[in-house]
Structures are given as C-alpha cells and as structure tokens.
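Chemist: Starting off with a structure, shown below.
There are 2 protein chains.
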Amino acid sequence: MTRVIDGRAIAGAIADEVTTDAAALRARGVTPTLAVVVPTDDAATAWYVRSIERTAGKVGVNCRTVTLTNPTAAELIDTLDELSADDTVHGVICQTPLPDGVTLADVGEHIAIGKDVDGANPASLGRLAIGLDTFAPATAAAVAEILRRDEVSLAGAEVVIVGRSTVVGKPAALLLLAENATVTVCHSRTRDLAAVCGRADIVVAAVGSPGLVTKDHVKTGAVVIDVGTNPTEDGGLVGDVDAVSVNGVAGALTPVPGGVGPVTTILLMRHTIDAVTHPDAG
Amino acid sequence: MTRVIDGRAIAGAIADEVTTDAAALRARGVTPTLAVVVPTDDAATAWYVRSIERTAGKVGVNCRTVTLTNPTAAELIDTLDELSADDTVHGVICQTPLPDGVTLADVGEHIAIGKDVDGANPASLGRLAIGLDTFAPATAAAVAEILRRDEVSLAGAEVVIVGRSTVVGKPAALLLLAENATVTVCHSRTRDLAAVCGRADIVVAAVGSPGLVTKDHVKTGAVVIDVGTNPTEDGGLVGDVDAVSVNGVAGALTPVPGGVGPVTTILLMRHTIDAVTHPDAG
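One line per chain: the protein sequences are A and B, in this order.
Going by our numbering, the first sequence opens with residue 1391, and the numbers climb by one from there.
Going by our numbering, the second sequence opens with residue 1391, and the numbers climb by one from there.
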C-alpha cells in the first residue's frame, strides 16, 4: 500500500504556526494584509479567491480583494503599483485570466519584490535561482514544503520534475536543487518519460495532464508529488498521477484534492506574514 | 578519435557577423559601445579585460573600460547607475573581484536589463527562466551557441550539466531546456556522478574541478562541452574534462583553451550589438 501524504494535515500544521505569528503581529499593531487583485469575473477564479479569503480569515490574515471589471492593462498595472506602494499591504497577488495584451510577467514586474508572495515578478524568480531571500511561487514552495515536512531526504536524491512551467516546474527545480537534490526537468519533448521518471527517488508531476504518471513511471518506493489540478466533467479534480495505477508501487503519494492545493493556499499566508519583516518590505 | 569542436572557428564565424552588424550601426551613426567596469587591480582580471578590448577592437565595438581603484560599494553602484543611464553605452559588464560587502547580485541590480549583456541582473535570470527576450550570462550562452553552431540535436536529448552556478550551470540549464532538451543538473552532492553523466547525450562540465569528468562519466559518442578554466601552475589552463581519458569515448569535445572561452568573449560583442536595438534599451 502506498502511503498517502496528507496535504490538509500539513496545511493545518502550517496554519497553526501562521495563526500564532499573525496574532503576534496584531499584538504589535500590525495587521498582516494580503491584497488579491481579481481582474476578471471568471467563476473558477471567484471560487479560488473565496477559498483564499476563507483561509486568510481562519489564520488572522486580512485579505483585501480588489476586483476590477474589464480593466485595461494600464488600470491593472496602476492598481498593482498602488498596492506595492501601500504600507498597509504586505502581500500582493494577481489572479488570472488577465486582460488582453497583459502577460503574467508584465503584471509581476509591478508587484514589489518584498510583497511578491506568489513569486510573480521575474526578478523574484531570478533571485530564487541565485539563492537570495525571496518568495517562490506558492505552488512550487508547497512541493518543497511537503517534502520537508514529510521528512523526505533530499540531499543527493534524484528528483524528476515533469513539466517546465514558470509557476511550478522551473521554480520547484530551483528549490529542490538548493536542497542538494540532483534535479531533472522533463516535458512534452522528453524522449522516454517513463524511463526518466523511473530513475527518480522523487517524482513531481506538474504538467496538467490527467493521469499521465502511471506505475510505469514510478520506481518502487518512490515519493510522488502530484501538482496537477485537472477539472473533471462532474466538477471534481484529478491530478497528473494515476493514483490507482501507482498504488502499491509508489512509497508515498500526495492525493488530489487534499495534497499540494491546501499547502499552496496556506503558504500564501505564510509568505504574507514573512513579508511584514522582509528586508525589501515597503 | 573524438572530434574536437573548434571554439575559435565558431568565435570567428560569429565575429564576422558581428563585424558586419557593427559596421551597419556605425553607418547609421551609432557606435556600439560596451562599458567594462573594473573595480580591482587584480592581474588576472586585467589580462581578461585586455582580451575583451582586443576582441571589441577587431569587430568594431567600442570598449569603454572604467577602472575604479579601491572603490566603495556606493562608488561602484553609482558608476553602474550612470552607465545604465548613459545613452552612448549599450552594454555594461562588471568584472570581479568586487569590493568587500558588495555581491554580484547587488552589482547586477544596478545594470539596466536592456544593457545587461552578461546577464548579471537577477531580473535577467528570471526573464531567461520565463522565456522573455533577455541576455543570458555569456558563458552559458556560449554553451548553447556552440551546440547550435555544431548542429548538435537538442530536442529530446538528455543533457547533464555538472555544476549549479548562477553564471553557468543554472542559466545553461534554462537555455537548453528552452531548446527542448531533458536537462539534469548535478553538483557536489550528486550521489553517483559517473552514472548520471553516463546517461547523457550531452555533458556540460562547469564545476571548476580540473579533469573531474573522465571516460567513466561519458557515454560512447556523447558530446562533451568543457566550461572549466582552471589555471595550472605553469600559467596554462585546463578544463573540467580529462581530455586524454575521454578521447575515443566522447563523440566530440570542446578543448580548453580554444573551446567555450573565445565564444564567450565574442558573445559579449554580439549581445552589445543586440542591445542597441533591445526593446528595453535606454
């Protein structure tokens, strides 16, 4: 039987720490505040923002949701600039989809490094690569945090990451490289994905392809982190890992839902708390 | 017999292109100018700066060397800010060693993105990771350029990079990932370096350890790029690859000297020319 890594339990432990830290800040007169810019009326986005607001409320982080209806690029960027300059705001994130003509990098460049709690600024990614104090994208940070909290040995371990996105694959590679893992990044052009994944002590699936990773991709006993969140027709979510197939082969697996997702959301709160005292803070 | 990849010949071909482009710019009244900030009287640095000046002179790039004697951090940073704002300067690089208390990242943050022809600004590295138009560190760019000019197939190839530095290992990984290679980054904590390298179609040795990579690390026919420049007691240079050992095993090898080095220097000139028309140019 493959052990299930309980992302909700890990998120709960982090939430306890964040709650304590948030209370300490409030006792000092600081209200840790996360600004969530929502430049869309997309229903899935609204659902996700509500879950951020709920988590924030539970741990004592103030969530300031700024909804913009059909903003122009300039309006969105002005909003981000204002929040970056606002001393009462400690973290700033921006939801997608973005207005036409605006890229994530455009948006990111207008979030101050010290408030960039979801690592959207290209400079944050560069600082991460260099090993400077900076915020990684929360999903990538969640991968590393789950491995750390689950006490998975990283130094010298072979990690294979499937997916090379800017928000997960590449920053996760940088984070795990910094933990002294030997890191391979795979993608759609990788020749024999099963063989490459089959070498790994740890497989991170972050490609957005339901059930792509099967027992053929997993060495016996390997730890599998499933970052996929693929919507199903019946309104559910499935990961990039075929959990039934890898069961009994993988040593441990994060489920979807209930794995990387809840840890990602609470790490936005952790980062917001850390942003209050970040050297580059406002 | 292992084929030698002639870095000087590749550099010569690039120099011809750069010479043509520099002449065209001069005909338009633009003198492509590279500012080289030298915050040290280190002899090895002076030797390297002279080689940059010589290369610049040959291809028609104006080289403005700014030597600072025992500068404070503030003086160095002021100089970089001034050059970043100077319309007659298109590329800015800063040599090491740096004054006490100044890091490469500090320096890099004061080189404008559009003039950062050696990819020293953390934001340049982040932009590289995202795939935005930006300058990679010249040494990492030289690795990719040699493979491209030598017509080594990268899509789907297994690349193993030994070394995870900010100036070579990590940016080379990003560049080759963008060319659709499957990329593994190794380092001192990698468990079985020979076995990991032995899987590679292309090995990039960038670790600064003389002769570390031997025939035990190289699959028959693999292409080996030697980025090492380790000084010898007799004033010569040796690479990270034991060229005698891998001879007859590797399919092709860049020599040291005469491999990555000359391509790196000419790419600083290529980047300076490109900086004249870069969208973020001052």
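Just so you know, even glycine gets a beta-carbon here, dropped at the ideal spot from N, CA and C.
Remember, it's a predicted structure, so these values are computed and weren't measured experimentally.
I'd like to know whether the C-beta atoms of B/P1527 and B/L1466 end up nearer to each other than 8 angstroms.
Modeler: Position 137 of the second sequence, counted from the start, is the residue given in the question as residue 1527 of chain B. Position 76 of the second sequence, counted from the start, is the residue given in the question as residue 1466 of chain B. Cβ distance not < 8 angstroms, so B/P1527 and B/L1466 don't count as in contact.
Chemist: Is the beta carbon of B/G1629 sitting closer than 8 angstroms to the one on B/I1395?
Modeler: As a first step, residue 1629 of chain B must be located in the second sequence, where it is residue number 239. As a first step, residue 1395 of chain B must be located in the second sequence, where it is residue number 5. No; because the gap between Cβ atoms is not below 8 angstroms, this pair is not in contact.
Chemist: In chain A, which residues lie with their C-beta within 7 angstroms of the C-beta of B/T1580?
Modeler: Mapped onto the second sequence, residue 1580 of chain B falls at position 190. The answer, in chain order, is G1546 and T1572.
Chemist: Are any of the Cβ atoms in chain B nearer than 8 angstroms to that of A/C1576?
Modeler: For the purposes of this step, residue 1576 of chain A is identified with residue 186 of the first sequence, where counting begins at 1. With 8 angstroms as the cut-off, A/C1576 counts as an interface residue toward chain B.
Chemist: Is there at least one Cβ from chain A nearer than 8 angstroms to B/S1514's Cβ?
Modeler: The residue given as residue 1514 of chain B occupies position 124 in the second sequence. Chain A, which has a Cβ nearer than 8 angstroms to the Cβ of B/S1514, makes this yes.
Chemist: Can you have a look at A/P1487 and say buried or exposed, based on whether 16 or more other CB atoms are within 10 angstroms of its CB?
Modeler: The residue labelled residue 1487 of chain A in the question sits at position 97 within the first sequence. Its Cβ having fewer than 16 others within 10 Å, A/P1487 is exposed.
Chemist: For the beta strand (DSSP E) that contains B/R1454, what are its first and last residues?
Modeler: Within the second sequence, numbered from 1, the residue matching residue 1454 of chain B stands at position 64. From DSSP, the beta strand (DSSP E) with B/R1454 extends over N1452 to T1457.
Chemist: Which bits of chain A does B/T1556 rub up against, with CB to CB less than 7 angstroms?
Modeler: Taking the second sequence and counting its residues from 1, the one referred to as residue 1556 of chain B is at position 166. Residues of chain A passing the Cβ test: A1519 and I1520.
Chemist: So, is the C-beta of B/L1736 closer than 8 angstroms to a C-beta in chain A?
Modeler: Given a span of 1391 to 1672 for chain B in the structure shown, any question on residue 1736 of chain B remains unanswerable.
Chemist: Could you name the residues of the same chain whose beta carbon sits closer than 6 angstroms to that of A/H1354, not counting the 5 residues immediately before and after it, in chain order?
Modeler: Past the boundaries of the shown model lies residue 1354 of chain A; chain A is included only from 1391 to 1672, so the question cannot be answered.
Chemist: Give the residues of chain A in contact with B/V1586, contact being defined as C-beta atoms less than 7 angstroms apart.
Modeler: Within the second sequence, residue 1586 of chain B is the residue found at index 196, counting from 1. Simply T1572.
Chemist: Would you check if there are 3 or more beta carbon pairs closer than 8 angstroms linking the region 1554-1564 of chain B to the region 1589-1607 of chain B?
Modeler: Contact holds: three or more Cβ-Cβ distances are below 8 angstroms.
Chemist: Is the beta carbon of B/I1520 closer than 8 angstroms to that of A/A1495?
Modeler: Position 105 of the first sequence holds residue 1495 of chain A. Position 130 of the second sequence holds residue 1520 of chain B. Yes; because the gap between Cβ atoms is below 8 angstroms, this pair is in contact.
Chemist: Using the Cα positions of B/A1563 and B/T1574, report the straight-line distance between them to the nearest angstrom.
Modeler: In the second sequence, residue 1563 of chain B corresponds to position 173, counting from 1. In the second sequence, residue 1574 of chain B corresponds to position 184, counting from 1. So the two alpha carbons sit approximately 8 angstroms from each other.
Chemist: Give me whichever residues DSSP pairs with B/G1481 in a beta bridge.
Modeler: In the second sequence, counting from the first residue as 1, residue 1481 of chain B sits at position 91. Bridge partners of B/G1481: B/L1424.
Chemist: Determine whether the beta carbon atoms of A/L1658 and A/D1508 lie at a separation below 8 angstroms.
Modeler: The residue you call residue 1658 of chain A lines up with position 268 of the first sequence. The residue you call residue 1508 of chain A lines up with position 118 of the first sequence. Yes. Within cutoff.
Chemist: Enumerate in chain order the residues of its own chain whose CB-to-CB distance from A/A1502 is below 6 angstroms, with the five nearest sequence positions on each side excluded.
Modeler: By 1-based counting over the first sequence, the position of residue 1502 of chain A is 112. Closer than 6 angstroms at the Cβ level, and outside the excluded window around A/A1502, lie S1474.
Chemist: Going by alpha carbons, who is nearest to B/T1604 out of B/A1633, B/D1664, B/R1416 and B/E1443?
Modeler: Indexing the second sequence from 1 puts residue 1604 of chain B at position 214. It is B/A1633 whose Cα lies nearest to the Cα of B/T1604.
Chemist: Less than 8 angstroms between CB atoms is the rule here; does B/P1669 satisfy it with respect to chain A?
Modeler: Within the second sequence, the letter at position 279 stands for residue 1669 of chain B. Answer no: the Cβ-Cβ gap between B/P1669 and chain A never drops below 8 angstroms.
Chemist: Name, please, each residue of chain B whose Cβ falls closer than 7 angstroms to the Cβ of A/A1495.
Modeler: For the purposes of this step, residue 1495 of chain A is taken as the residue at position 105 of the first sequence. Simply I1520 and L1522.
Chemist: Is B/G1397 near B/G1553, with beta carbons less than 8 angstroms apart?
Modeler: Within the second sequence, residue 1397 of chain B is the residue found at index 7, counting from 1. Within the second sequence, residue 1553 of chain B is the residue found at index 163, counting from 1. No. Outside cutoff.
Chemist: What number of angstroms, rounded off, separates the C-alpha of A/Q1485 from the C-alpha of B/T1619?
Modeler: Taking the first residue of the first sequence as position 1, residue 1485 of chain A is located at position 95. Taking the first residue of the second sequence as position 1, residue 1619 of chain B is located at position 229. For A/Q1485 and B/T1619, the distance between alpha carbons rounds to 46 angstroms.
Chemist: When we look at the beta-carbon of A/G1447 and count the other beta-carbons within 10 Å, is it buried (16 or more) or exposed?
Modeler: Here the question's residue 1447 of chain A lines up with position 57 in the first sequence. Classification of A/G1447: exposed, given that the 10 Å Cβ count is below 16.
Chemist: Within 10 angstroms of the Cβ of A/A1699, are there 16 or more other Cβ atoms? Answer buried if so, exposed if not.
Modeler: This structure cannot settle anything about residue 1699 of chain A, because the visible part of chain A is limited to 1391 through 1672.
Chemist: Which residues, in order along the region 1596-1626 of chain A, keep a beta-carbon less than 9 angstroms from a beta-carbon of chain B?
Modeler: Residues: none.
Chemist: What first and last residue would you give for the beta strand (DSSP E) that runs through A/T1574?
Modeler: For the purposes of this step, residue 1574 of chain A is identified with residue 184 of the first sequence, where counting begins at 1. Per DSSP, A/T1574 belongs to the beta strand (DSSP E) from T1572 to C1576.
Chemist: Taking all protein chains shown into account, do 16 or more other C-beta atoms lie within 10 angstroms of the C-beta of B/R1660, making it buried, or fewer, making it exposed?
Modeler: Counted from its first residue, the second sequence places residue 1660 of chain B at position 270. Label assigned to B/R1660: buried.
Chemist: Just the chain B side, please: which residues come within less than 7 angstroms of A/K1560 by C-beta, in chain order?
Modeler: For the purposes of this step, residue 1560 of chain A is taken as residue 170 along the first sequence, with counting starting at 1. Near A/K1560 (Cβ distances below 7 angstroms), the residues of chain B are A1519.
Chemist: Using CA coordinates, which residue listed in A/P1645, A/A1545, A/A1413 and A/T1409 is at the minimum distance from A/T1392?
Modeler: Here residue 1392 of chain A refers to the residue found at position 2 when the first sequence is read from its first residue. Residue A/P1645 is the option with its Cα nearest to A/T1392.
Chemist: Could you tell me how far apart the beta carbons of A/A1665 and A/A1640 are, in whole angstroms, since I believe they sit closer than 8 angstroms?
Modeler: Taking the first sequence and counting its residues from 1, the one referred to as residue 1665 of chain A is at position 275. Taking the first sequence and counting its residues from 1, the one referred to as residue 1640 of chain A is at position 250. With 8 angstroms as the limit, A/A1665 and A/A1640 do not qualify as a contact, their Cβ atoms being about 35 angstroms apart.
Chemist: May I ask you to report which of helix, strand or coil DSSP gives A/I1592?
Modeler: Residue 1592 of chain A sits at position 202 when you count from the first residue of the first sequence. Note: A/I1592 maps to strand in three-state DSSP.
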